[in-house]
Amino acid sequence: MKTTNGSSESSAKQRWEMTRILTSFWIFGLCNNYAYVIMLSAAEDILGQGHQNTTDVETKCLEKITSRRCTIITTGAVLLADILPCLLVKLTFPFFMQRIPFGQVIINTSFRNMLITITQLFNRRFFLRCCDVLNSKRLWMLDLKSYISGVVFASISSGFGEITYLSLTPYFTKNTISTWSSGTGGAGIIGSLTYAALTEPHFLNLSPRITLLIMLVVPLIFSLAYWCLLVFPDSIHKISILKPSTWVVPKTCLSETSFNDISNIETQNADKSLASSEHVKQRILSFKEMLLTTFSLLRFMIPLMLVYLGEYFINQGILQLIIYPCNKGWYLTPSSQYRWYQVLYQAGVFISRSSVNIIQLPYWALILLPILQFVNVAIFFLESLYFYIPHIWVLFLLILFEGLFGGSSYVNTFTHIHNFAKPDVREFSMSISSLGDAIGIVTAGFISIPFYNHICQTSLPVHMTA
88 MKTTNGSSES SAKQRWEMTR ILTSFWIFGL CNNYAYVIML SAAEDILGQG HQNTTDVETK
148 CLEKITSRRC TIITTGAVLL ADILPCLLVK LTFPFFMQRI PFGQVIINTS FRNMLITITQ
208 LFNRRFFLRC CDVLNSKRLW MLDLKSYISG VVFASISSGF GEITYLSLTP YFTKNTISTW
268 SSGTGGAGII GSLTYAALTE PHFLNLSPRI TLLIMLVVPL IFSLAYWCLL VFPDSIHKIS
328 ILKPSTWVVP KTCLSETSFN DISNIETQNA DKSLASSEHV KQRILSFKEM LLTTFSLLRF
388 MIPLMLVYLG EYFINQGILQ LIIYPCNKGW YLTPSSQYRW YQVLYQAGVF ISRSSVNIIQ
448 LPYWALILLP ILQFVNVAIF FLESLYFYIP HIWVLFLLIL FEGLFGGSSY VNTFTHIHNF
508 AKPDVREFSM SISSLGDAIG IVTAGFISIP FYNHICQTSL PVHMTA
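Numbering-wise, my numbering comes out as the position in the sequence shown, counting from 1, plus 87.
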């Protein structure tokens with residue numbers, strides 16, 4: 088009887104610990120991407136101050152569209168500031184981050200998480216400063232620099248967090264990938280929906296500054312989840328602030344296994360039991376071996392890059408230019424339309440990133456998703472030129488599908504990589520693969536600017552001005 092009770096208690100304890108772990112990774116995804124989403128959701132509000140007719144545009148819907156609504160700086164420029172620092176982090180850190188401890192101090196903190204939290208706090212500080220732009224047009228260009236500074240801090244934080252927590256997932260169950268991905272999707276829908284609802288004139292009509300003050304609770308939630316909720320396995324190197332020798336992961340914690348079979352890092356059937364058991368030591372890889380591992384992952388990274396290229400070209404290069412008059416746009420102002428575009432996109436991302444445990448796509452579907460996304464690119468690009476879509480609800484539906492494609496590509500790509508990579512190179516494989524989406528976003532940022540300028544120089548179609 089005692090054995091049965093002991094077994095029941097042990098099983099209940101394991102379930103509780105698993106719940107804590109999965110909840111922690113969902114919160115990590117939520118908090119890590121939250122600032123990134125807010126930056127893009129607020130981009131139109133900030134940049135709109137450079138529009139010559141901004142007062143009319145911001146306070147009411149347009150009865151008739153008589154000209155294209157173009158700003159001095161496109162949201163694609165904001166996208167570049169939001170992703171270039173992130174790309175730099177993803178290009179460099181995976182090659183040496185295995186020696187940086189996840190570790191714990193006495194209160195279950197981590198060296199890497201402290202850096203992430205610090206950049207999160209600096210990001211909010213700079214972004215609050217930038218929001219003063221909405222109260223003073225004369226300081227628009229000056230405050231825009233503060234805004235871009237805030238965007239840069241958000242980018243560093245997001246990139247550092249993504250490679251950190253993706254490389255942390257091999258120490259836990261594979262389900263942490265799906266909960267992390269779901270959390271990042273949750274950041275999109277919760278962040279964009281919260282910002283849209285709080286600033287929407289038909290709802291609370293708060294200023295962006297007050298809205299950002301409310302959202303300062305996010306770094307606190309981030310820290311509490313890491314320090315108090317996550318259950319760490321013994322295989323993670325522990326650090327102590329008072330012992331500098333623990334600040335670097337010793338080589339004894341890493342495997343010195345030969346990497347002669349570098350060309351075949353795929354997990355074979357014989358390895359699957361190992362992959363699903365306790366975490367194994369990670370191989371000590373030379374720079375050449377890291378590059379070879381990266382090349383072997385291109386089959387996953389390139390489709391992901393193309394999907395993100397398409398969706399961010401749409402979101403930051405085209406959607407800003409698609410506006411509807413009152414009778415076709417549910418009486419939303421142009422800025423409100425843009426914010427709700429972001430909400431619908433993030434809703435699609437959240438749904439698809441949370442679905443991998445229900446529907447896992449085969450590899451061929453990863454190849455199909457970029458094709459579908461570029462069909463979307465053609466539809467949205469033609470709409471920005473000719474305004475042929477009859478009502479905003481049709482566009483909302485298309486944006487939802489755009490988000491579904493992007494979210495599906497992200498979560499299924501990393502799930503396939505987790506299954507593809509051998510356990511002893513999985514940490515590096517997961518962290519370096521995040522380069523795929525970053526390169527796609529950077530490319531979209533550069534391409535969107537000339538396309539945006541081209542569209543702004545074209546005349547409205549006759550049926551819009553008649």
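C-beta atoms are modelled at their ideal positions from N, C-alpha and C, and glycine is treated no differently.
Distance check for Lys147 and Ser373, CA to CA, integer angstroms please.
Indexing the sequence shown from 1 puts residue 373 at position 286. Indexing the sequence shown from 1 puts residue 147 at position 60. The straight-line gap from Cα to Cα measures roughly 60 Å.
Within-8 Å CB hit, Gln424 to chain B:
Of the protein chains in the structure, only one exists, and it is not chain B.
How far does the alpha helix (DSSP H) with Val464 in it extend, from its first residue to its last?
As a first step, residue 464 must be located in the sequence shown, where it is residue number 377. Note, Val464: alpha helix (DSSP H), Tyr450 to Tyr473.
Is DSSP giving Arg426 helix, strand or coil here?
Locating residue 426 in the sequence shown gives position 339, where the first residue counts as 1. Of the three classes helix, strand and coil, the one that applies to Arg426 here is helix, per DSSP.
Assess, as a yes-or-no matter, whether the stretch 474-485 is touched by the stretch 403-422 under the definition of 3 or more beta carbon pairs within less than 8 Å.
Yes, the stretch 403-422 is in contact with the stretch 474-485.
How would you write the range of the alpha helix (DSSP H) that Met517 sits in, first residue to last?
For the purposes of this step, residue 517 is taken as the residue at position 430 of the sequence shown. Start and end: Arg513 to Ser520.
Sub-8 Å separation of Gly246 and Cys157 beta-carbons:
By one-based count along the sequence shown, residue 246 stands at place 159. By one-based count along the sequence shown, residue 157 stands at place 70. Contact flag unset, no.
Cβ of Arg107 within 8 Å of Cβ of Leu316?
Numbered from its first residue, the sequence shown carries residue 107 at position 20. Numbered from its first residue, the sequence shown carries residue 316 at position 229. Using a Cβ distance threshold of 8 Å, Arg107 and Leu316 count as a contacting pair.
With Trp267 as the anchor, note down where its alpha helix (DSSP H) starts and where it stops.
Working through the sequence shown from its first residue, we reach residue 267 at position 180. Asn262 to Thr286 is the extent of the alpha helix (DSSP H) around Trp267.
Please work out which residues of its chain come closer than 6 Å, Cβ to Cβ, to Phe533, disregarding the five sequence neighbours upstream and downstream, and give them in chain order.
For the purposes of this step, residue 533 is identified with residue 446 of the sequence shown, where counting begins at 1. Excluding residues within five positions, none has a Cβ falling inside 6 Å.
Measure the CB-CB distance between Leu408 and Ile542 and report whether it falls below 8 Å.
The residue labelled residue 408 in the question sits at position 321 within the sequence shown. The residue labelled residue 542 in the question sits at position 455 within the sequence shown. The answer is yes: Cβ separation under 8 Å.
Using a 10 Å radius around the Cβ and a threshold of 16 neighbouring Cβ atoms, would you call Phe515 buried or exposed?
Along the sequence shown, read from residue 1 onward, the residue named residue 515 stands at position 428. Per the 10 Å Cβ criterion, buried.
Secondary structure of Ile308, DSSP reduced to three states
Against the sequence shown, residue 308 aligns to sequence position 221. Ile308 falls in the helix class under three-state DSSP.
Does the separation of the CB atoms of Gly435 and Gly494 fall below 8 Å?
Numbered from 1 along the sequence shown, position 348 holds the residue referred to as residue 435. Numbered from 1 along the sequence shown, position 407 holds the residue referred to as residue 494. Closer than 8 Å, so yes.
Just tell me which of Pro257, Lys375, Val443 and Ile243 has its CA closest to the CA of Phe319.
As a position in the sequence shown, residue 319 is number 232, starting the count at 1. Out of Pro257, Lys375, Val443 and Ile243, Pro257 has the C-alpha closest to the C-alpha of Phe319.
Can you check which of these residues, Leu431, Ser496 and Phe488, is closest to Ile446 by C-alpha distance?
For this step, residue 446 is matched to residue 359 along the sequence shown. Checking every option, the nearest Cα to that of Ile446 belongs to Ser496.
Once you ignore the five residues that flank Phe483 on each side, which residues in its own chain have a CB closer than 6 Å to its CB?
As a first step, residue 483 is located in the sequence shown; it is residue number 396 there, counting from the start. The answer, listed in chain order, is Leu431.
Kindly indicate the opening and closing residues of the alpha helix (DSSP H) around Val394.
By one-based count along the sequence shown, residue 394 stands at place 307. Element bounds for Val394: Leu385 to Phe400.
Measuring CA to CA, which of Thr545, Val549, Ile536 and Ile519 is closest to Leu253?
Indexing the sequence shown from 1 puts residue 253 at position 166. It is Ile519.
Should Ile454 be labelled buried (16 or more other beta-carbon atoms within 10 Å of its own) or exposed?
Against the sequence shown, residue 454 aligns to sequence position 367. Ile454 comes out exposed.
Pair within 8 Å by beta-carbon distance, Ile243 and Pro412
As a working mapping, residue 243 is identified with position 156 in the sequence shown. As a working mapping, residue 412 is identified with position 325 in the sequence shown. For Ile243 and Pro412, no; Cβs fall outside 8 Å.
Let me know if Trp427 comes out buried or exposed under the rule of 16 or more other beta-carbons within 10 Å of its beta-carbon.
In the sequence shown, the residue the question calls residue 427 occupies position 340. With 16 or more other Cβ atoms within 10 Å, it is buried.
Beta-carbon separation (whole angstroms), Leu456 vs Val394, contact threshold 8 Å:
The sequence position of residue 456 within the sequence shown is 369, counting from 1. The sequence position of residue 394 within the sequence shown is 307, counting from 1. With a Cβ gap of about 5 Å, Leu456 and Val394 count as contacting.
Could you tell me the distance, in whole angstroms, from the CA atom of His503 to the CA atom of Glu470?
Position 416 of the sequence shown holds residue 503. Position 383 of the sequence shown holds residue 470. Looking at the two C-alpha atoms, the distance is approximately 35 Å.
In whole angstroms, what separates the C-alpha of Gly270 from that of Val549?
Indexing the sequence shown from 1 puts residue 270 at position 183. Indexing the sequence shown from 1 puts residue 549 at position 462. Going from the Cα of Gly270 to the Cα of Val549 covers about 45 Å.
As assigned by DSSP and simplified to three states, the class of Val565:
Any answer about residue 565 is impossible in this case: the structure gives the chain only from 88 up to 553.
Apart from the five residues just before and just after Ala531, which ones in its own chain have a Cβ nearer than 6 Å to its Cβ?
Locating residue 531 in the sequence shown gives position 444, where the first residue counts as 1. Result list for Ala531: Leu396, Tyr399 and Phe400, in chain order.
For Asn419, the three-state DSSP class (helix, strand or coil)
Locating residue 419 in the sequence shown gives position 332, where the first residue counts as 1. Note that residue 419 is Leu in the sequence shown, not Asn. Reduced to three states, the DSSP call for Leu419 is coil.
What's the C-alpha gap between Ala508 and Gln429?
Residue 508 sits at position 421 when you count from the first residue of the sequence shown. Residue 429 sits at position 342 when you count from the first residue of the sequence shown. About 34 Å.
Where Ile486 sits in the DSSP three-state scheme
Position 399 of the sequence shown, counted from the start, is the residue given in the question as residue 486. It is helical.
What did DSSP end up calling Arg107 once you bin it into helix, strand or coil?
Numbered from 1 along the sequence shown, position 20 holds the residue referred to as residue 107. Looking at Arg107 - three-state DSSP - the assignment turns out to be helix.
Please state the DSSP three-state secondary structure of Glu150.
By 1-based counting over the sequence shown, the position of residue 150 is 63. DSSP places Glu150 in the coil class of the three-state scheme, outside both helix and strand.
Under a Cβ-count criterion, where at least 16 other Cβ atoms within 10 Å of its own Cβ denotes burial, should Glu96 be classed as buried or exposed?
On the sequence shown, residue 96 is found 9 positions in, with the first residue counted as 1. So Glu96 ends up on the exposed side.
To the nearest angstrom, report how far apart Ala122 and Leu175 are at their CA atoms.
Position 35 of the sequence shown, counted from the start, is the residue given in the question as residue 122. Position 88 of the sequence shown, counted from the start, is the residue given in the question as residue 175. Ala122 and Leu175: Cα-Cα distance of roughly 18 Å.
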